[in-house]
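> According to my numbering, the sequence shown is numbered sequentially starting from -12. Yeah, the Cβ is synthetic: ideal placement off N, Cα and C, and Gly gets one too.
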Amino acid sequence: MKKENNCPVIITRQDHGLSRKLMNPNALRILYRLKDNGFVGYLVGGCVRDLLLGREPKDFDVVTNATPGEVKRLFRNCRLVGRRFRLAHIHFQDEIIEVATFRSQVSNEQQPEPKVVQEAGHRQRHPRMMKDDDGMILRDNVYGTPEEDALRRDFTVNSLSYNIADFSIIDYTGGLDDLNAGIIRIIGDPDVRFQEDPVRMLRAVRFAAQLGFTIEEKTRMALVAAADTIARSAPPRLYDELLKLLLSGEGAKCYDLLRQTGLFQALFPDFSSWLAAESEGFPHTRFGEMLGYVDSRIQQGDKVSPPLLLALLFGQYIDEKAERFRRQGAPWQQSVDASVAEFLGETCPIIMIANRVGIALRDIISQQMRLKKIPGRRPETFIARHDFNDIIEYCRITRGDKKDVAKQLDWWAAQAKQQAPLPPPSGLTKESEAPQGKKKRRRRRRNPNAKSRTEGV
Ligand code: ATP
Ligand code: MG
């Protein structure tokens, strides 16, 4: 099925067998209302791809020819967001559905004047598509046709849409063929598309690993050639994309692809050099092993927090740094702080790890010492920490095979079990039904060294 003369391939309702029962009811409600008011409305992107593959979509995105203002007038529960490209967010009780107006991605040369959309009697100013000197998109803000909207998307399999008017699937790029053949192919000129937005390289890797697809040859060659440019992307965006990739449930496959393509070296230059070296004659294999473990947890439906993920992946590297500081005479806690700071200092200029995640990572590593002190001071306070489970999990996975460590973990597990809140006695489910006994007032202990707040005033 190849598209000819810019005509899309259209798969009718009878021929694709996609049931509306599998679609998000709120997204369908939006589409019906758009249609009833004379607008075009499509489901688009990852949700159509996933539905066709029999996978559960993560989110449902809607596109329409209605302008954001027109969408707002149709839905009371709508808020417009985004300064550069306005998007409509339709709020429901427990979710938000994004509704975008068809957008085009026209190159600077092709677009001498901005398209301006007339809205509610006033001209809306649209900053046009802008690229920097290296061809990276800085702004992408031009309304377009359904075809232009499909062509500006990243991969053919991500450009399919589902038309609410006749329940057909529309394919402008050959995405259906690629979906059937298991191919990730970038739309348009691969060199240009990766230059415009290097993050697409990480997305190619993630979709290939997650869907079990292969990256098409020209796309792959362009990706390998552009791998070094990945660090030009905004560091917070790279952090978000990398998290998605490492927590996709196929992190080990992603890691292989990242290394084969040169992306890993470009993302983690210092860590990569360390990985390639050995410690005391042993190669560094922990990163790959830990990803295997994280994948198994995710595939079982468990969640792994970002700080725990980072601790598992980079803990050994950080420990070696800490050891270096210790040999230079730093006390234990200080050496951990300094090594985590050094790791963040290397990583954050490329991949922006949020401050609170960096602090949580440091805590998981530095609190390992506390696990050895049994019972130590106030174990109940330690168990009540919000990151207690991550601290325990990190210890179990990295050192749990040692006999003494296993014993310590058993002790903490027993304590934590004792401390777990007891379930309410049977028959007493609502708070209002509980006996209204006199509340015990807890006296706050005063720190004898603390100065009175009013002292000296
Ligand atoms: P996921 O299952 O991760 O949600 P997805 O394909 O839906 O996969 P989103 O990040 O939700 O990915 O993006 C929705 C759609 O927007 C994509 O399917 C794609 O069509 C388009 N898109 C997203 N990021 C880009 C990009 N960097 N360049 C071009 N198009 C993009
Ligand atoms: Mg999505």
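Indicate the three-state DSSP secondary structure (helix, strand or coil) for Cys382 in the structure shown.
Of the three classes helix, strand and coil, the one that applies to Cys382 here is helix, per DSSP.
> Which residues mark the beginning and the end of the alpha helix (DSSP H) in which Tyr226 is found?
Tyr226 -> alpha helix (DSSP H) spans Pro222 to Leu233.
> Where DSSP assigns a beta bridge to Cys34, which residues make up the other side?
In DSSP, Cys34 forms no bridge with anything.
> Counting pairs of beta carbons, one from the stretch 212 to 224 and one from the stretch 165 to 173, are three or more of them closer than 8 Å?
Output reads no: the stretch 165 to 173 does not touch the stretch 212 to 224.
> Using a 10 Å radius around the Cβ and a threshold of 16 neighbouring Cβ atoms, would you call Gln355 buried or exposed?
Buried, because 16 or more other Cβ atoms sit within 10 Å of the Cβ of Gln355.
> With a cut-off of 8 Å on the beta carbons, I'd call Met339 and Tyr226 a contact; round off their distance for me.
Between Tyr226 and Met339 the Cβ distance is about 5 Å, and since that is below 8 Å, they are a contact.
> Beta-carbon separation of Ser146 and Gly162 under 7 Å?
Cβ atoms of Ser146 and Gly162: closer than 7 Å.
> To the nearest angstrom, report how far apart Leu38 and Gln80 are at their CA atoms.
So the alpha carbons of these two residues sit roughly 24 Å apart.
> Check for me: the beta strand (DSSP E) holding Gly67 runs from which residue to which?
Residue identity check: residue 67 is Leu in the sequence provided, not Gly. Taken as a continuous stretch (DSSP letters only), the beta strand (DSSP E) holding Leu67 covers Cys65 to Val68.
> Reducing DSSP to helix, strand and coil, say where Gly108 ends up.
Because the pLDDT of Gly108 is 39, which lies under 50, any placement of that residue in the model is unreliable, and the question is left without a value.
> Which residues in the same chain have their Cβ closer than 8 Å to the Cβ of Glu380, if we skip the five residues on either side of it in sequence?
Leu295.
> Name all residues in chain order for which at least one heavy atom of ligand 1 lies closer than 7 Å to the residue's CB.
The set, ordered by position in the chain, is Val31, Gly32, Gly33, Cys34, Arg36, Asp37, Pro44, Lys45, Asp46, Asp48, Arg139, Arg140, Asp141, Asn145, Ser146, Asp184, Val186, Arg187, Arg190 and Lys231.
> Does DSSP classify Tyr159 as helix, strand or coil?
The answer is coil: DSSP assigns Tyr159 none of H, G, I, E or B.
> For the beta strand (DSSP E) containing Ile473, list its first residue and its last residue.
The structure shown does not extend to residue 473, since the chain is modelled only from -12 through 444, so no value can be given for it.
> Report the three-state DSSP secondary structure of Val192 (helix, strand or coil).
Correct three-state label for Val192: helix.
> Under the three-state reduction of DSSP, which class applies to Val103: helix, strand or coil?
Summary for Val103: the model assigns pLDDT 42, below 50, so the residue's position carries little reliability, and this model does not support an answer.
> Thinking Gly32 and Arg140 are a contact (beta carbons under 8 Å), I'd like their distance in whole angstroms, please.
So it is a contact: roughly 7 Å between Cβ atoms.
> Do Arg190 and Asp136 have their beta-carbon atoms positioned less than 7 Å apart in this structure?
In this structure, Arg190 does not lie closer than 7 Å to Asp136 by Cβ.
> Would Tyr280 pass as an interface residue toward chain C - the criterion being a Cβ-Cβ separation below 7 Å?
In summary, chain C is missing from the structure at hand, where a single protein chain is found.
> In the structure shown, what three-state DSSP assignment does Thr272 receive?
The answer is coil: DSSP assigns Thr272 none of H, G, I, E or B.
> Assuming Asn52 contacts Phe26 (C-beta within less than 8 Å), just tell me the rounded distance between them.
The pair is a contact, with the Cβ atoms about 6 Å apart (cut-off 8 Å).
> Taking its Cβ as the centre, do 16 or more other Cβ atoms sit within 10 Å of Ser260, making it buried, or is it exposed?
Looking at its Cβ environment, which holds fewer than 16 other Cβ atoms inside 10 Å, Ser260 is exposed.
> Check the DSSP bridge columns for Cys202 and list the partner residues they point to.
This sequence places Ile at residue 202; Cys is not what is there. Per DSSP, Ile171.
> Would you check if the distance between the CB atom of Ala325 and the CB atom of Leu278 is smaller than 7 Å?
No; because the gap between Cβ atoms is not below 7 Å, this pair is not in contact.
> Around the C-beta of Thr272, are 16 or more other C-beta atoms found within 10 angstroms, so that it is buried, or is it exposed?
So Thr272 counts as exposed.
> With DSSP run on the structure shown, which of helix, strand or coil describes Glu96?
Because the pLDDT of Glu96 is 45, which lies under 50, any placement of that residue in the model is unreliable, and the number read from its coordinates should be weighed accordingly. Coil at Glu96, not helix or strand.
> Among the candidates Gly199, Lys205 and Thr201, whose CA atom is the shortest distance from the CA of Phe181?
Comparing Cα positions, the closest option is Lys205.
> Is it right to say Leu9 is buried, meaning 16 or more other beta carbons lie within 10 angstroms of its own, or is it exposed?
Per the 10 Å Cβ criterion, exposed.
> What does Glu265 pair with, by DSSP beta-bridge criteria?
The partner list for Glu265 (beta bridge, DSSP) reads Pro270.
> Taking C-alpha atoms, which residue in Pro293, Phe330 and Val50 lies nearest to Ile305?
Considering only alpha carbons, the answer is Phe330.
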